[in-house]
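Below: one structure, written as structure tokens.
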Amino acid sequence: MDKRDRRGVAAPSGRLSRTAHMAGLGAELAGRSLLKGAEALIRGQSLKPAGLLLTPGHMRRTAEELARLRGAAMKAGQLVSMDYGAVLAPELAEPLTRLQESAAPMPPHQLRRVLDRAWGPGWAARFERFETRPAAAASIGQVHRARLRGGRALAVKVQFPGVRDSIDVDLDTLSFLIRRSGLLPKGADIGPFLEGVRTRLHREADYLSEAQYLAAYAKALGDDRDFVTPGLETDLSGPDILAMDWLDGAPLKHAGSEDQARRNAIAERLVRLTLREIFEFGLIQSDPNPGNFRLCPDGRIALLDFGAVETVSPARAQGLRTLLRAGLEGDDAALETALEDAGAISAGLEPDVRARAVALARTGFAPLASTAVFDFAGSGLAERMRAEGQALQAAGFNHTPPVDFAYIQRKVAGIYLIAARLKARIALRPLVAAWL
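Encoded structure:
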């Protein structure tokens, strides 16, 4: 973390300020593109508008500004990297992927204003200790460690000022920039995606809604031996602040130094939880960032973030059962039908494009269909799916799946990446078959 990050960077909170920042980014990138185009003309090179905009330097600059803005702008950038990263060249996807890491915190004076507004100016008297330097900072808020006078240790999640009011203007401006940039494959309709992001962010920015999902997960898990959720401190929680028990534990990334059996067990638990979410809970935490999990001293995995919880309807769960069954059985005809019923492909696609989409799904289902132990890190599956996905887009695939299906895809992809980082090796078919 650099010195600027340690001091904190004030998040622009006004609509005019945020719009000016994003408009300035657009003007800056356009200016850079004109300069690059002029240089290309001098050298006698051919010009492609998308090639002028889609450069690693431009993507890094975009990621930097989205990270500075935080809020809906940064969150949307994170989701673009997760949902469309597979069809971008690695050097273009990597800067956006960095948005999934921690954000710069707000400075202490801005934090105090937020807490004074929420709790009143005498709030410090309720605490034995309140650490102003955050333990973590993300796209829409940051977490502080605190201890009440009675001794209860808390994690206090504080929303960046202006996030809720800036969601719509951020997304409208970002939509304009994305459409002009050529970032997405030709013909791709980002409208439904951004509308889904809009709905999700308005809910995610309401910490009282997150508190309800926290309670729902606690009830669904019950006395689970593998997972634990923090208790809620209702007196200190509201739309902009969420106060929960502080759960001691190590970051999930530290599990990389554990032995193979322990890493396998962690990955298997996360896969089992994902299946329970879809087929038992009817709820799915659709932001499987490694930072949302902690490894507790008692061996359990702590679940820490419930802002991105989505409901899974019985109809969607049943459709996924049908899709999984077709994938496990290797029945391409049934797989194609199930993909269309799920909304993953459309009837209007050209036969060759549909065949490519089915082949991509078959590649993804291969680890589930096999009875062998699957090596997440050494299989090369992610690279094969990226190559097939890029070929599919080049062939003219421009279908956007239903928002709820996309959220489930994101969860599955995120858990896969976590398991790959753990270098886990587990048999997946028995885990999935138990739910069919």
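The opening residue of the sequence shown carries number 0 in numbering that gives the first Met the number 0; numbering runs sequentially from there.
Even for Gly, the Cβ is constructed at its ideal location relative to N, Cα and C.
Bear in mind the structure is a predicted one, so any value in this text is a computation, not a measurement.
Which residues in the same chain as residue i place their Cβ atom closer than 8 Å to its Cβ, once the five residues preceding and following it in sequence are excluded?
| i | result |
| --- | --- |
| residue 282 | 212, 215, 216, 219, 276, 308, 309, 310 and 311 |
| residue 126 | 145, 146, 147 and 148 |
| residue 226 | 220, 268, 272, 299, 300, 301 and 302 |
| residue 289 | 250, 251, 252, 417 and 420 |
| residue 431 | 274, 323, 327 and 367 |
| residue 270 | 414, 418, 425, 427 and 430 |
| residue 150 | 127 |
| residue 404 | 315, 341, 342 and 343 |
| residue 320 | 278, 434 and 435 |
Tell me the DSSP bridge mates of residue i?
| i | result |
| --- | --- |
| residue 336 | Answer by DSSP bridge pairing: none, since residue 336 is not bridged. |
| residue 315 | Residue 315 is not bridged to any residue. |
| residue 284 | 308 |
| residue 227 | 301 |
| residue 294 | 249 and 300 |
| residue 424 | 374 |
Quick check on the burial criterion: 16 or more other C-beta atoms within 10 angstroms. Buried or exposed for residue i?
| i | result |
| --- | --- |
| residue 108 | exposed |
| residue 236 | buried |
| residue 409 | buried |
| residue 138 | buried |
| residue 350 | exposed |
| residue 233 | exposed |
| residue 172 | buried |
| residue 255 | exposed |
| residue 317 | exposed |
| residue 387 | buried |
| residue 116 | exposed |
| residue 45 | In this predicted model, residue 45 has a pLDDT of only 40, less than 50, meaning its place in the structure is not dependable; the value taken from the coordinates is given anyway. Per the 10 Å Cβ criterion, exposed. |
| residue 42 | The predicted model places residue 42 with a pLDDT of 41, which falls under 50 and marks its position as unreliable; any figure quoted below should be read in that light. When all chains shown are included, residue 42 counts as exposed. |
| residue 224 | exposed |
| residue 280 | buried |
| residue 123 | exposed |
| residue 192 | buried |
| residue 160 | buried |
| residue 120 | exposed |
| residue 305 | buried |
| residue 292 | buried |
| residue 262 | buried |
| residue 209 | buried |
| residue 332 | exposed |
| residue 346 | exposed |
| residue 264 | buried |
| residue 371 | exposed |
By Cβ distance below 6 Å, which residues in the same chain neighbour residue i in space, the five residues on each side in sequence not counted?
| i | result |
| --- | --- |
| residue 243 | 154, 229 and 231 |
| residue 260 | none |
| residue 322 | 337 and 341 |
| residue 364 | 326 |
| residue 128 | 146 |
| residue 429 | none |
| residue 406 | 285 and 309 |
| residue 401 | 342 |
| residue 156 | 140, 142 and 241 |
| residue 195 | 402 |
| residue 434 | 274 and 278 |
| residue 423 | 262, 263, 266 and 375 |
Spatial neighbours of residue i within its chain, please: C-beta separation below 7 Å, excluding the five flanking residues on both sides.
| i | result |
| --- | --- |
| residue 133 | 104, 141, 142 and 143 |
| residue 163 | 204 |
| residue 314 | none |
| residue 238 | 205, 206 and 207 |
| residue 384 | 85, 359, 362 and 363 |
| residue 335 | 353 and 357 |
| residue 380 | 366 |
| residue 398 | 344, 345 and 348 |
(Q) Please give me, in chain order, every unbroken run of the alpha helix (DSSP H) with length at least 4 that falls completely inside the stretch 341-408. (A) 350-368 and 380-393
Q: Run through the stretch 105-193 for me and flag every whole alpha helix (DSSP H) of 4 or more residues, listed as ranges in chain order.
A: 107-118 and 162-180
Q. How about the stretch 368-379 and the stretch 338-351: do they share at least three Cβ pairs that are nearer than 8 Å?
A. no
Q: Output the residue ranges of the alpha helix (DSSP H) runs that lie fully inside the stretch 235-280 and measure 4 residues or longer, sorted by chain position.
A: 259-275
**Q.** Inter-stretch contact (C-beta, 8 Å, three-pair minimum) for the stretch 289-297 and the stretch 247-266
**A.** yes
Q. Would you say the stretch 348-364 touches the stretch 383-400, given that touching needs at least three Cβ pairs under 8 Å?
A. yes
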